[in-house]
Amino acid sequence: MTRMSHVVRRAARQVRLPLLALLLGSGVSACIPMDNLMFAIFGRSMRSQPSFDPYENTIQPPEGAVPFAAGNFPAAPGQLNIGQPEGTAIPAPVTQGDLLTRPDVVNSLTNPVAADEASLARGQVVFNRMCAPCHGVQGAGDGPTTQVGMLPMPLTSDQARGFSDGYIYSIIRVGRGLMPAYGHQVTHFDRWNVVNYVRQLQGQ
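For any residue, its number in the working numbering is found by taking its place in the sequence shown, counting from 1, and adding 106.
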C-alpha cells in the first residue's frame with residue numbers, strides 16, 4: 107500500500123466518524139420529550155378538528171330566506187334564473203326515456219306563455235343563439251354543423267309540426283339522440299318562448 111492511499115483511507119475515516127456522530131445525534135434529538143409534547147398538542151390539530159360530511163352545505167341560508175326548487179325555473183316570464191318557490195306548480199321532471207315511454211306525460215305539458223310579440227322576439231334571440239347552429243336560422247336543418255356531418259332534424263318538416271308543445275319543450279330540456287340537453291342553459295320560460303318561435307317558423 108502506497109503512502110498516498112494510506113493518507114486517503116485515513117482521511118475517509120476521519121470524515122465518516124463525525125458524520126455518523128451527527129446522524130446519531132440528530133436521531134436522538136428528534137425524540138426529546140419536548141418534541142413529543144409538541145406533537146401531542148399540535149400534531150393532531152388538523153385531524154381532530156370537526157370535519158364536514160360529504161356534500162354537506164357549509165353555508166346556511168340567512169333567516170327568512172325562501173327555498174327555491176331550481177335556479178332555472180323563473181317565477182314569471184322575463185324573470186331569468188330567479189327560481190320558483192317550492193309549492194308552486196312546475197312542470198313534472200321528465201327524462202329522455204319519458205319521451206318514448208310516457209308520451210302522455212310529455213304531451214300533457216301546456217304552454218303557459220302567450221305567443222305575443224315579446225315572446226316571439228325573445229324566442230328568436232334564444233333560438234338563434236342555441237338552436238340555429240344545428241337547425242339553421244329558418245329551422246330547415248341546414249345549420250353550420252351540417253358541414254361536419256351532423257344531420258339535425260328540420261323543424262319545418264311535417265314530423266316536427268306534429269310534435270306537441272310539451273314534446274318540444276322537453277326535447278330542449280333533456281335532449282335526445284345527438285341533441286344535447288339545454289335545460290341548464292335555457293331557462294323554463296325561455297324554452298316556451300322558443301316553442302312559440304318554432305311554431306312561427308312552422309307557419310302555425
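Idealized CB from N, CA, C, for every residue including glycine.
Rounded straight-line distance, which links the Cα of residue j to that of residue i
i	j	result
residue 211	residue 157	44 Å
residue 310	residue 268	11 Å
residue 306	residue 207	28 Å
residue 288	residue 258	15 Å
residue 181	residue 225	Caution applies to residue 181, whose pLDDT of 48 falls short of 50 and renders its modelled position unreliable; the model cannot decide the point.
residue 161	residue 171	21 Å
residue 204	residue 220	26 Å
residue 244	residue 256	17 Å
residue 169	residue 163	16 Å
residue 239	residue 291	15 Å
residue 298	residue 222	12 Å
residue 159	residue 167	18 Å
residue 260	residue 165	47 Å
residue 218	residue 266	20 Å
residue 253	residue 209	33 Å
residue 237	residue 262	13 Å
Exposed unless 16 or more other CB atoms sit within 10 angstroms - verdict on residue i
i	result
residue 296	buried
residue 241	buried
residue 293	buried
residue 235	exposed
residue 264	exposed
residue 278	buried
residue 280	buried
Selection from the options that minimises the alpha carbon distance to residue i
i	options	result
residue 200	273, 168, 171, 170	273
residue 283	261, 168, 202	202
residue 213	246, 276, 266	276
residue 311	280, 270, 254	The requested residue 311 does not occur in the structure, where the chain is confined to residues 107 to 310.
residue 285	164, 251, 209	251
residue 233	209, 253, 249	249
residue 247	209, 308, 298	308
Can you find at least 3 beta carbon pairs, one from the segment 292–303 and one from the segment 228–241, that sit closer than 8 Å? At 8 Å Cβ cutoff, the stretches touch.
Every unbroken alpha helix (DSSP H) inside the segment 211–265 [4 residues or more]: The segment 211–265 contains, as complete alpha helix (DSSP H) runs of 4+ residues, the segments 223–232, 238–241 (chain order).
Within the segment 266–310, note down every full alpha helix (DSSP H) run reaching 4 residues or more, in order along the chain. Runs of the alpha helix (DSSP H) lying entirely within the segment 266–310, each at least 4 residues long, are 271–280, 294–307 in chain order.
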